[in-house]
Amino acid sequence: MISDQLVDEYLDAVAPAWCAMDFLTFAETIDVFLYDPLIALEWTELHTLPMLDTVAVKRLDSRTVAQLLHDSPSVIRCLMHYDILMAKCARLGTAAYLRIFDFYQDVLQALCKEDVFAKRFRNIIHAAEQVRGMVGRLRPSSPTVARALGRLANACYNLSYGLYSDMNPQLVYDNLGPYVRPDGRLFVLKIFHNLKPVELWPETASLPVGAIDVGVLLEGVTLKVDAATHAIYEGDQVNGLRGWWCEADGKALPLEAIDDVRQRLEATAVAVYEQVKQFNFEKKKEFYCFQKAWGYKKLYDVLDLDWRPPPAVLAAARGKSLFTNWNIPEDKKQAVTLLCQVFDPRREVPAEAFKGETD
Numbered sequence: 136m137i138s139d140q141l142v143d144e145y146l147d148a149v150a151p152a153w154c155a156m157d158f159l160t161f162a163e164t165i166d167v168f169l170y171d172p173l174i175a176l177e178w179t180e181l182h183t184l185p186m187l188d189t190v191a192v193k194r195l196d197s198r199t200v201a202q203l204l205h206d207s208p209s210v211i212r213c214l215m216h217y218d219i220l221m222a223k224c225a226r227l228g229t230a231a232y233l234r235i236f237d238f239y240q241d242v243l244q245a246l247c248k249e250d251v252f253a254k255r256f257r258n259i260i261h262a263a264e265q266v267r268g269m270v271g272r273l274r275p276s277s278p279t280v281a282r283a284l285g286r287l288a289n290a291c292y293n294l295s296y297g298l299y300s301d302m303n304p305q306l307v308y309d310n311l312g313p314y315v316r317p318d319g320r321l322f323v324l325k326i327f328h329n330l331k332p333v334e335l336w337p338e339t340a341s342l343p344v345g346a347i348d349v350g351v352l353l354e355g356v357t358l359k360v361d362a363a364t365h366a367i368y369e370g371d372q373v374n375g376l377r378g379w380w381c382e383a384d385g386k387a388l389p390l391e392a393i394d395d396v397r398q399r400l401e402a403t404a405v406a407v408y409e410q411v412k413q414f415n416f417e418k419k420k421e422f423y424c425f426q427k428a429w430g431y432k433k434l435y436d437v438l439d440l441d442w443r444p445p446p447a448v449l450a451a452a453r454g455k456s457l458f459t460n461w462n463i464p465e466d467k468k469q470a471v472t473l474l475c476q477v478f479d480p481r482r483e484v485p486a487e488a489f490k491g492e493t494d
């Protein structure tokens, strides 16, 4: 049985994190609150629930599922938020909402060492021995190295939004940590994975790398990671960088090679954005469904399921305008209270969350 304490911990993490975002910035791109209600029923009945059924039939353990969902707590948390939200928009009942919640919390419990919902802003998946091993590989740093790593990270960030939309860039990036060392310094593992989703973007096949891992030791810097994937660094990461290493596809990426990789990533980001800008509204909705579904691809492949969005999902979005009936208060405190109810798997979405009647 799912405890109220566990659900409350989830809501304490997710509602403030969502309220921290300014969704007006997504008006011309993608916002799950505007897009996902269009496909909520079909997605939940034909994608989410069959996935849960097949995981159970094949008896996949939660740690394996976490690995197939990219071994990224930020990815898994977002899939959890989105799938709960869509099931609730579809009004499928609390049994379905709680089942989805239980599935994802099990996966997060199997992956995270603590703070599974990031309520305390920690993104911890490594044991102490693993952290010691990563710290032991660090090389001395300099401001030049820090700037090169920063430019590389920015290139990955920019590419992520084009590849996967504003709602799914976490399929590329996550910040794992902070792992506080005995001397008070922080070790953080910055990951940039899934850079070559050739099923969505065939041109990414020519990129020189598909995954980049950057380990950094920081002094005088703090890190918080919230339930909506946001990493908040405070302090001087350039002058505070004390050690580093960088790997591409599991092999060391030397400093002299970073600039070339960065330039290739930047060029691809520009090319992808040029294509996205040409999408009309119907194409944008359709492609968003594919971007959303791609996040489950590794798991779906193991489950012998077609990762692509079911035709009924695409049909559900076709011809519809954005869902604009949400009535989220501008006052942050009131918004947090309402969003707790929106994401609560123990209840239906309250009527006051909408401006009027919804179909």
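Going by the numbering used here, the sequence shown opens with residue 136, and the numbers climb by one from there. All residues carry an ideal CB built from backbone N, CA and C; glycine is no exception. As the structure is a prediction and not an experimental result, all values here were calculated from the model.
Can you name the start and end residues of the alpha helix (DSSP H) that Ala383 belongs to?
-> Walking along the sequence shown from the start, residue 383 turns up at place 248. Not the alpha helix (DSSP H): Ala383 falls in the beta strand (DSSP E), residues Leu376 to Ala383.
Tyr292 (DSSP reduced to helix, strand or coil) = For the purposes of this step, residue 292 is taken as the residue at position 157 of the sequence shown. Three-state result, Tyr292: helix.
Quick one: what's got a C-beta closer than 7 angstroms to Leu146's C-beta in the same chain, skipping five residues either side?
-> The residue given as residue 146 occupies position 11 in the sequence shown. Cβ within range, chain order: Cys475, Phe478 and Asp479.
From Phe252 to Leu141, what does the alpha carbon distance come to, in whole angstroms?
-> Position 117 of the sequence shown, counted from the first residue, corresponds to residue 252. Position 6 of the sequence shown, counted from the first residue, corresponds to residue 141. If I take the Cα positions, the gap works out to 10 angstroms.
Write down the C-beta distance between Val396 and Pro444 rounded to the nearest angstrom, noting that I regard them as a contact closer than 8 angstroms.
-> Taking the first residue of the sequence shown as position 1, residue 396 is located at position 261. Taking the first residue of the sequence shown as position 1, residue 444 is located at position 309. With 8 angstroms as the limit, Val396 and Pro444 do not qualify as a contact, their Cβ atoms being about 32 angstroms apart.
Determine the direct distance from the alpha carbon of Met136 to that of Glu249, and round the result to whole angstroms.
-> As a first step, residue 249 is located in the sequence shown; it is residue number 114 there, counting from the start. As a first step, residue 136 is located in the sequence shown; it is residue number 1 there, counting from the start. Their Cα atoms are separated by approximately 21 angstroms.
Secondary structure, beta strand (DSSP E): runs of 3+ residues fully inside the stretch 294-318 | The qualifying runs are 308-315.
In three-state DSSP terms, what is Val333?
-> Here residue 333 is taken as the residue at index 198 of the sequence shown, counted from 1. Correct three-state label for Val333: coil.
Taking all protein chains shown into account, decide if Ala362 is buried (16 or more other Cβ within 10 angstroms of its Cβ) or exposed.
-> Here residue 362 corresponds to residue number 227 of the sequence shown, with the count starting at 1. When all chains shown are included, Ala362 counts as buried.
Okay, do the stretch 231-247 and the stretch 201-209 touch, 3+ Cβ pairs below 8 angstroms being the bar?
-> Contact between the stretch 231-247 and the stretch 201-209 is present, because at least three Cβ pairs lie under 8 angstroms.
Between the CA atoms of Lys427 and Asn303 - distance to the nearest angstrom | Within the sequence shown, residue 303 is the residue found at index 168, counting from 1. Within the sequence shown, residue 427 is the residue found at index 292, counting from 1. Cα-Cα distance, rounded: 7 angstroms.
Coarse secondary structure for Phe161, derived from DSSP in three states = In the sequence shown, residue 161 corresponds to position 26, counting from 1. For Phe161, the predicted structure reports a pLDDT of 43, less than 50, and the residue's modelled location is therefore unreliable. The matter cannot be settled from this model.
Under a three-way DSSP split, which group does Phe458 fall into?
-> Taking the first residue of the sequence shown as position 1, residue 458 is located at position 323. Phe458: coil per DSSP, three-state reduction.
Hey, which unbroken runs of the alpha helix (DSSP H) at 4 residues or more fall wholly within the stretch 237-276?
-> Entirely contained in the stretch 237-276, the alpha helix (DSSP H) runs reaching 4 residues are, in chain order, 263-270.
Endpoints, beta strand (DSSP E) assigned at Thr357 | Against the sequence shown, residue 357 aligns to sequence position 222. Here the beta strand (DSSP E) through Thr357 covers Thr357 to Val360.
Neighbourhood of Lys331 by C-beta distance below 7 angstroms, restricted to the same chain and skipping five residues each side = What you label residue 331 is simply residue 196 of the sequence shown in a count that begins at 1. Exclusion of the five residues before and after Lys331 leaves Thr339, Ala340, Leu342 and Gly345 as the residues of its chain whose Cβ lies within less than 7 angstroms of its Cβ.
Between Gln433 and the rest of its own chain, which residues show a CB-CB distance below 6 angstroms, the 5 nearest in sequence each way excluded?
-> Numbered from 1 along the sequence shown, position 298 holds the residue referred to as residue 433. What sits at residue 433 in the sequence shown is Lys, not Gln. Excluding sequence neighbours, Lys433 sits near Leu203.
With a floor of 4 residues, list each alpha helix (DSSP H) that falls wholly inside the stretch 179-204, ordered by position along the chain.
-> Entirely contained in the stretch 179-204, the alpha helix (DSSP H) runs reaching 4 residues are, in chain order, 184-193 and 197-203.
In angstroms, rounded to a whole number, what distance separates the CA positions of Phe161 and Val167?
-> Position 26 of the sequence shown, counted from the start, is the residue given in the question as residue 161. Position 32 of the sequence shown, counted from the start, is the residue given in the question as residue 167. Caution applies to Phe161, whose pLDDT of 43 falls short of 50 and renders its modelled position unreliable; the value that the coordinates give is listed next. Cα to Cα, the separation comes out at about 10 angstroms.
What do you get for Phe236, buried or exposed, if any count of 16 or more other CB atoms within 10 angstroms of its CB means buried?
-> Reading the sequence shown from its first residue, position 101 is the one you call residue 236. With 16 or more Cβ atoms within 10 Å of its Cβ, Phe236 is classed as buried.
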